[in-house]
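Undergrad: Have a look at the structure that comes next, please.
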Amino acid sequence: MWALRAAVRPGLRLSRVCRGRPAPRAAAPSCHTRALAAVGHRGPGNLEGPWGGGRGLRADGGRSRPGDDKEELEDADENAEEELLRGEPLLPAGTQRVCLVHPDVKWGPGKPQMTRAEWQVAEATALVHTLDGWSVVQTMIVSTKTPDRKLIFGKGNFEHLTEKIRGSPDITCVFLNVERMAVPTKKELEAAWGVEVFDRFTIVLHIFRCNARTKEARLQLALAEIPLHRSNLRRDVAHLYRGVGCRYVMGSGESFMQVQQRLLREKEAKIRKALDRLRKKRQLLRRQRTRREFPVISVVGYTNCGKTTLIKALTGDAAIQPRDQLFATLDVTAHAGTLPSRMTVLYVDTIGFLSQLPHGLIESFSATLEDVAHSDLILHVRDVSHPEAELQKCSVLSTLRGLQLPAPLLDSMLEVHNKVDLVPGYSPTEPNVVPVSALRGHGLQELKAQLDAAVLKATGRQILTLRVRLAGAQLSWLYKEATVQEVDVIPEDGAAYVRLIISNSAYGKFQKLFPG
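Using my numbering, the first residue of the sequence shown is number 6, and each one after it goes up by one.
Right, dumping it as structure tokens:
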């Protein structure tokens, strides 16, 4: 009976394993106190239970304090969600010597747009090198006219490829640089080549899982893994049938396949419910930011273009620790900074983009990218030292358009050319572009000035000089609700001229509170 129960749920009890180490917890950011109060103290990845507190009896018979029941129910909710986040490793542990195989589609509908084989191979190599202990020992670019067929390559090229892989004992696995392999394709290739074969989806998903810090990112990844479990279900159940005489679970009237499918549907529903709670919390925090009127700048760009390094340079936040690897940032975080006008803004660090990012991951992380749609300004960071910087730009813009962002937001987007220190004598050819080196600090003052002007225009803020009475509460109110730049006191009049930046709504409140 115990063996039967274990057989019913293979692969669904997921352990939180990533290279044999537990997922690290997010470090608490340190930014401007007033600005960070607008995004909450617990961070975007923490969940709160939906129940209210109350009085009742504790398990030991004592009278509980207000909130005890709430804490216990929240703990139960947290434990249930931790069960959803447990996952088996998607890739084998230890050192792996990878043969990178890239199908070069020469023509037809399967040919990728705006990419070249050499760039795609370099990007795939970078993905492999992101994994601990993994290295590329051979790279093969193989032409194909039949990318949609079961074996992907033509007969001649496939036989030649099989001979080379079989004849290289140092190869421990193959990375086939396609978005997704069908289960029959994976099975046939592994049988022919004698090693495990992984696609782009599995590699990227594993990297995402290793870098996810907050519960929201980990839940999104668990959601993205559901189609992977579903596609592997038939193979796993077929293997299970070999040792079982009956295909039905005793007394249930369901086959093993039906049980597995039902468990996957239930798990997917629970994950979506947990993500919906987080989405509502994020909407609440967004409304709080709007009420407090902090301008929000979403920093976007291709993966590893230097977004996090630039935010650290603009804010001076020592708690930010950039990493030189793909997809180092998966969790949306907000960091407060001050512009030359003394206006406080929030920089939102977002997930990096990638060409041909698997669709399942785009769908899972679409909720996270909602923050971009609700920002006041988009800052597009580009790595101009990359040989395919233009293709990366096209990939980012294509993804942004797919998010159906408001047209004024896209039109006002500010472009930053980063890593100019790696390109001697670099000078941008496009207009309205700011060249910087976030690492070296070059061009930051010019960028802040551009941000100042762009935020004022995007948010409709005004630069005004107001005459206020020193005896009343006018000046203290302006310091609280606006950005005061300069105060010129006239003692004999008991007044002052105040130069400030103020939003239209705040100025309307000021006129109502202090008429005349």
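Where is the CB? At the ideal position from N, CA and C, for every residue including glycine.
If the criterion is Cβ atoms closer than 8 angstroms, does the pair residue 147 and residue 202 meet it?
TA: Taking the sequence shown and counting its residues from 1, one reaches residue 147 at position 142. Taking the sequence shown and counting its residues from 1, one reaches residue 202 at position 197. No; because the gap between Cβ atoms is not below 8 angstroms, this pair is not in contact.
Undergrad: Secondary structure at residue 435, three-state DSSP: helix, strand or coil?
TA: Counted from its first residue, the sequence shown places residue 435 at position 430. Three-state result, residue 435: coil.
Undergrad: Tell me the DSSP secondary structure of residue 190 in three-state form.
TA: As a first step, residue 190 is located in the sequence shown; it is residue number 185 there, counting from the start. Helix.
Undergrad: Taking all protein chains shown into account, decide if residue 347 is buried (16 or more other Cβ within 10 angstroms of its Cβ) or exposed.
TA: Here the question's residue 347 lines up with position 342 in the sequence shown. Result: exposed.
Undergrad: Is there contact between the stretch 404–424 and the stretch 134–148, where contact requires at least three CB pairs shorter than 8 angstroms?
TA: no
Undergrad: Quick check: the Cα distance between residue 445 and residue 426, rounded to an integer number of angstroms?
TA: As a working note, residue 445 is residue 440 in the sequence shown. As a working note, residue 426 is residue 421 in the sequence shown. If you take the alpha carbons of residue 445 and residue 426, they lie about 8 angstroms apart.
Undergrad: For residue 255, name the three-state secondary structure that DSSP assigns.
TA: In the sequence shown, residue 255 corresponds to position 250, counting from 1. At residue 255, the pLDDT of 49 sits below 50, so the modelled position is not reliable; the number obtained from the coordinates is stated separately. Three-state result, residue 255: coil.
Undergrad: Please list the terminal residues of the continuous beta strand (DSSP E) segment that includes residue 203.
TA: In the sequence shown, counting from the first residue as 1, residue 203 sits at position 198. Counting along the chain, the unbroken beta strand (DSSP E) around residue 203 starts and ends at 201–203.
Undergrad: In angstroms, rounded to a whole number, what distance separates the CA positions of residue 207 and residue 95?
TA: By 1-based counting over the sequence shown, the position of residue 207 is 202. By 1-based counting over the sequence shown, the position of residue 95 is 90. Taking the CA atoms as reference points, residue 207 sits about 7 angstroms from residue 95.
Undergrad: Examine the Cβ distances between the stretch 348–356 and the stretch 261–278 and report whether three or more of them are shorter than 8 angstroms.
TA: no
Undergrad: Please name the residue, chosen from 134, 224, 102 and 468, that lies closest to residue 173 on a Cα-to-Cα basis.
TA: Position 168 of the sequence shown holds residue 173. Residue 173 has its Cα closest to that of 102, out of 134, 224, 102 and 468.
Undergrad: Can you find the residues in the same chain that come closer than 8 angstroms, C-beta to C-beta, to residue 121, ignoring five residues on each side of it along the sequence?
TA: Taking the first residue of the sequence shown as 1, we reach residue 121 at position 116. Cβ neighbours of residue 121 beyond the five flanking positions: 393 and 396.
Undergrad: From the DSSP output, in three-state form, read off residue 162 for me.
TA: One-based indexing of the sequence shown puts residue 162 at position 157. Of the three classes helix, strand and coil, the one that applies to residue 162 here is helix, per DSSP.
Undergrad: Label residue 479 either buried or exposed according to how many other C-beta atoms from any shown protein chain fall within 10 Å of its C-beta, with 16 as the threshold for buried.
TA: As a working note, residue 479 is residue 474 in the sequence shown. Residue 479 should be labelled buried.
Undergrad: Tell me whether residue 420 sits in a helix, a strand or coil according to DSSP, three-state version.
TA: Residue mapping note: residue 420 aligns to position 415 of the sequence shown, counting from 1. Three-state result, residue 420: strand.
Undergrad: Take residue 181 and list the residues in its own chain whose beta-carbon comes closer than 6 angstroms to its own, dropping the five residues that flank it on each side.
TA: For the purposes of this step, residue 181 is identified with residue 176 of the sequence shown, where counting begins at 1. Result list for residue 181: 106, 202 and 204, in chain order.
Undergrad: I need the straight-line Cα distance from residue 178 to residue 314, nearest angstrom please.
TA: Here the question's residue 178 lines up with position 173 in the sequence shown. Here the question's residue 314 lines up with position 309 in the sequence shown. Those two C-alpha atoms are separated by around 34 angstroms.
Undergrad: Measure the C-alpha to C-alpha separation of residue 187 and residue 260 and round it to an integer number of angstroms.
TA: Taking the first residue of the sequence shown as position 1, residue 187 is located at position 182. Taking the first residue of the sequence shown as position 1, residue 260 is located at position 255. Whole-angstrom Cα-Cα distance: 24 angstroms.
Undergrad: Could you check which residue in 476, 503 and 486 has the C-alpha nearest to that of residue 470?
TA: Residue mapping note: residue 470 aligns to position 465 of the sequence shown, counting from 1. Here the closest residue by C-alpha is 503.
Undergrad: Whole angstroms is fine: what's the gap from residue 312's alpha carbon to residue 110's?
TA: By 1-based counting over the sequence shown, the position of residue 312 is 307. By 1-based counting over the sequence shown, the position of residue 110 is 105. Spanning the two alpha carbons is a distance of roughly 32 angstroms.
Undergrad: Go through its chain and collect everything with a Cβ distance to residue 380's Cβ below 6 angstroms, but skip five positions before and after it.
TA: As a first step, residue 380 is located in the sequence shown; it is residue number 375 there, counting from the start. Excluding sequence neighbours, residue 380 sits near 301 and 303.
Undergrad: Do residue 155 and residue 130 count as a contact pair if the criterion is CB distance below 8 angstroms?
TA: Counting from 1 along the sequence shown, the entry for residue 130 is found at position 125. Counting from 1 along the sequence shown, the entry for residue 155 is found at position 150. Going by C-beta atoms, residue 130 is not nearer than 8 angstroms to residue 155.
Undergrad: According to the Cβ coordinates, are residue 495 and residue 487 closer than 8 angstroms?
TA: As a working note, residue 495 is residue 490 in the sequence shown. As a working note, residue 487 is residue 482 in the sequence shown. Annotated as distal: residue 495 and residue 487, with beta-carbon spacing of 8 angstroms or more.
Undergrad: Per DSSP, residue 387 is paired with what?
TA: The count along the sequence shown starts at 1 and reaches residue 387 at position 382. Residue 387 is bridged to 422.
Undergrad: The alpha helix (DSSP H) spanning residue 376 covers which residue range?
TA: Within the sequence shown, numbered from 1, the residue matching residue 376 stands at position 371. Looking at the DSSP string, the run of the alpha helix (DSSP H) that includes residue 376 is 375–378.
Undergrad: Going by DSSP, name the residue or residues bridged to residue 134.
TA: Start at 1 with the first residue of the sequence shown, and residue 134 comes out as number 129. The partner list for residue 134 (beta bridge, DSSP) is empty, contrary to what the question assumes.
Undergrad: Give me whichever residues DSSP pairs with residue 395 in a beta bridge.
TA: In the sequence shown, residue 395 corresponds to position 390, counting from 1. Bridge partners of residue 395: none, in fact.
Undergrad: Cα-Cα, which of 402, 345, 322 and 320 is closest to residue 357?
TA: In the sequence shown, residue 357 corresponds to position 352, counting from 1. Ranking the options by Cα distance to residue 357, first place goes to 402.
Undergrad: Short of 6 angstroms in beta carbon distance, which residues of its chain neighbour residue 514, apart from the five on each side in sequence? Order them along the chain.
TA: The residue labelled residue 514 in the question sits at position 509 within the sequence shown. Counting only Cβ-Cβ distances below 6 angstroms, and skipping sequence neighbours, we find nothing.
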